Amino acid sequence: MYERRTTEPTSMPPLGTIPGYRQPSDVRIGDFVFIDGLYLRVRDMRSAGTAGRRVLIFDGHSPWVMKESATTYRPVELL
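Using the numbering used here, the first residue of the sequence shown is number 41, and each one after it goes up by one.
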């Protein structure tokens, strides 16, 4: 089945993703994170000084510092 890929934010977890409770050090580029009422795809990331913090970068949204574990959604193709 063909599924159109988009980088637009969505208010529902994207289809074809699996939720997981992850530490900041376990988040990958391509994961989706729920911020400000939207699921945003991680485009890039930077270290915030320790393994316990990451600066996540998104398209169309300001960077966000992930300070603690949170549920993220990982596309099945990235598993």
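Where is the CB? At the ideal position from N, CA and C, for every residue including glycine.
In this text the structure is predicted, and so the values were computed from the model without any measurement.
For R114 against G77, the beta-carbon gap comes to about 20 Å, at or over 8 Å, which does not count as contact.
L118 sits in a helix when the DSSP states are folded into three classes. With contacts defined as CB atoms closer than 8 Å, L80 and H101 qualify as a contacting pair. In the DSSP secondary-structure assignment, G92 is not bridged to any residue.
The straight-line gap separating the alpha-carbon atoms of G56 and I69 is approximately 16 Å.
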